Amino acid sequence: MERQDAPITRHPEFRYKSEFQSHEPEFDYLKSLEIEEKINKIRWCQTANNSLSLLSTNDKTIKYWKVQEKKVKQVSVMNLDSRSVGTGTTSSASTSSSRGLLPNGGCSDKSSFLNSDILFPPGGYPSLRLPVVASQDVNLVARCRRVYAHAHDYHINSISTNSDGETYISADDLRINLWNLEINNQSFNIVDVKPPNMEDLTEVITCAEFHPTHCNTLAYSSSKGSIRLIDLRQSALCDNHSKIFEEHEAPGSRSFFTEIIASISDIKFSRDGRYILSRDYMTLKLWDLNMDSGPVSTFQVHEHLRPKLCDLYENDSIFDKFECCLSGDGLRVATGSYGNLFRVFGCTPGSTEATTLEASRNPMRRQIVNPTRPTRTLTSLARGVRREPREFLTTNTDTERSASIGLTSSPQMHANDDHGRSSRAPRVPRPGYRNSKVMLGCHTATDDHNSDALRVFGLIMAIN
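Numbering-wise, the UniProt record's numbering puts 361 at position 361 of the sequence shown, and it's gapless, one number per residue.
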């Protein structure tokens, strides 16, 4: 208790511990669709027995991993030293592995083994010594406990674990499914925004998040800039929201890009569950769950890009997605921008704190004041806001490369069977991503360009 009450005077430090392969490239022969290995989201689960549990997902498949330490013992003081070994090596493990072994571990050809490898001294050995454990190495071992597949016809954009420690949700463009961690062959469709006629499609789901303490409450955002709060106790199929948070436009302020830049790419609850932080293209907004008339704070992330919205639209950069997060004490919020920069704002009443930091491998490097924007060719799920409605669900003819850093009676509940097919979801693919190395241990995961592995960092609790 004294450690919990004592103020933290030093910054957290993260050290590399291990990495493992989460997903492999797959191919859906039924839809003739390539499923890339790129990891879209990672979420920590409640831990037990000093092991780490996490969920990772690519476009179609969710995996439940358990990462734990495994001790590897090295034995010395054997009965045979290196000088008594003839033509073999000092370690008999590599030699004996090529021979046939009996079920009890013995060698099937004892005469060959004794004659070729070991030279006994005259009179044999007078005594036998017990092996001694010289050292113990601790390695992190990752084991895939469950695979949750064939439940989404659209690409998964978010996953979120429940505070009950037993369930989680996964969301794609039009649906949100509820899963039990122990059951991988069935999920329940709790939100479905697919209209009867796809021509009437006006918005899609961009992110979904469980409340940190109330296991019956979750929120999801849309490409039209609204956040809907739903209560799982109201009905089995939660198509009707209990609250909606959206900012009303000022008269005369509407333009061609208004709906495009209003699309929310990420939402996060505060630790106490009272506030929701949302990120659209230009701003970061803080919402109070008790006040749905508008955000309590709005932070301008890169307002200098507003005069260049036309150029950003032409090269698809206006559809870029950024993530956001809140500090553990709830006093600051952070989000990413371009050029390896991220913004940190103070969110307490009257605070004017606004800091720009650069994420660099060399912390002593001189900070860039006005970075030049790299050329990017990107597409977004919300691309169809001002275009044809069908373009909300883009085909996989596009590719997405990211050079920025981003802190992306009641109706019946519909269950997916073992094959995961549901008549409620259409089958329109969306582009995948090529990046697949994801760092673990921070509030959010950042992408790298050269690997397909998960990395686990130590001192995970420090940032909280």
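The beta carbon of each residue, even a glycine, is placed where N, CA and C say it ideally should be.
Predicted model, so just to flag it, every value in this text is computed and none were measured.
When secondary structure is reduced to three states using DSSP, MET198 falls in the helix class. SER53 and SER170 have their alpha carbons spaced roughly 17 Å apart. Within the DSSP secondary-structure output, CYS347 pairs in no beta bridge.
When Cβ pairs closer than 8 Å are counted between the two stretches, the region 227-234 is seen not to touch the region 334-344, the count staying below three. With distances taken between CA atoms, ASP288 lies nearest to GLU246 out of GLU246, ILE318, PHE322, ILE261. Across the structure, LEU286 and VAL133 are spaced so that their CA atoms are roughly 57 Å apart. Within the region 282-335, the complete beta strand (DSSP E) segments at least 3 residues long are 283-288, 297-300, 324-326, listed from N- to C-terminus. Where GLU69 is concerned, the enclosing beta strand (DSSP E) starts and stops at 62-76. In the structure shown, ILE156 adopts coil according to DSSP, grouped into three states. Ranking THR335, LEU357, GLU314 by CA distance to the CA of GLN300 puts THR335 first.
With respect to the C-alpha of ALA48, the residue from GLY339, GLY165, LYS321 having the closest C-alpha is GLY165. Separation of the CB atoms of LYS66 and ARG143 is rounded to 5 Å, and the pair is thereby assigned contact status at 8 Å.
With contacts defined by Cβ atoms closer than 9 Å, THR213 and GLY252 do not form a contacting pair. Taking a contact as a CB-CB distance under 8 Å, the pair ARG279 and PHE319 does not count as one, their CB atoms being some 14 Å apart.
Just so you know, the alpha carbons of TYR220 and SER337 end up roughly 23 Å apart. Distance from the CA of ALA151 to the CA of TRP179, rounded to the nearest whole angstrom, comes to 10 Å. For GLU19, the closest C-alpha among the options ASP200, SER163, ASN139 is that of ASN139. Taking C-beta separations shorter than 7 Å and ignoring five residues to either side along the sequence, the partners of ASN58 in its chain run HIS23, ILE35, GLU36, GLU37, LYS38, ILE39, ASN40, following chain order. Here HIS302 has SER337 as same chain residues with Cβ atoms under 6 Å from its own Cβ, once five neighbours each way along the sequence are excluded. Scanning ILE276, ASP200, VAL204, SER242 for the CA closest to the CA of ILE260 turns up VAL204. By the criterion of a C-beta distance shorter than 8 Å, VAL75 is surrounded in its chain by PRO131, VAL132, VAL133, ALA134, once the five residues flanking it on both sides are discounted.
Considered as a whole, the region 218-257 harbours 227-231, 243-245 as its complete beta strand (DSSP E) runs of no fewer than 3 residues, in chain order. The alpha-carbon separation between THR348 and VAL296 amounts to approximately 10 Å. DSSP places CYS144 in the uninterrupted beta strand (DSSP E) bounded by 132-148. Pairing ARG43 with THR161 gives a Cβ-Cβ distance under 9 Å. Considering only LEU309, TYR281, TYR313, GLU314, the residue with the shortest C-alpha distance to THR298 is TYR281. Straight across, the Cα-Cα distance linking GLY328 with LYS70 is about 31 Å. By the criterion of a C-beta distance shorter than 7 Å, PHE27 is surrounded in its chain by GLU34, ILE35, once the five residues flanking it on both sides are discounted. Straight-line spacing of the CA atoms in SER158 and CYS207 works out to 6 Å.
For ARG332, the closest C-alpha among the options SER51, GLY350, GLY339 is that of GLY350.
Residue environment analysis places ALA359 among the exposed positions, since fewer than 16 neighbouring C-beta atoms fall within 10 angstroms of its C-beta. Residue pairing by DSSP leaves SER265 without any beta bridge partner. The beta carbon of THR283 sits closer than 7 Å to those of THR298, PHE299, GLN300, VAL301, all from its chain and outside the five residues before and after it, given in chain order.
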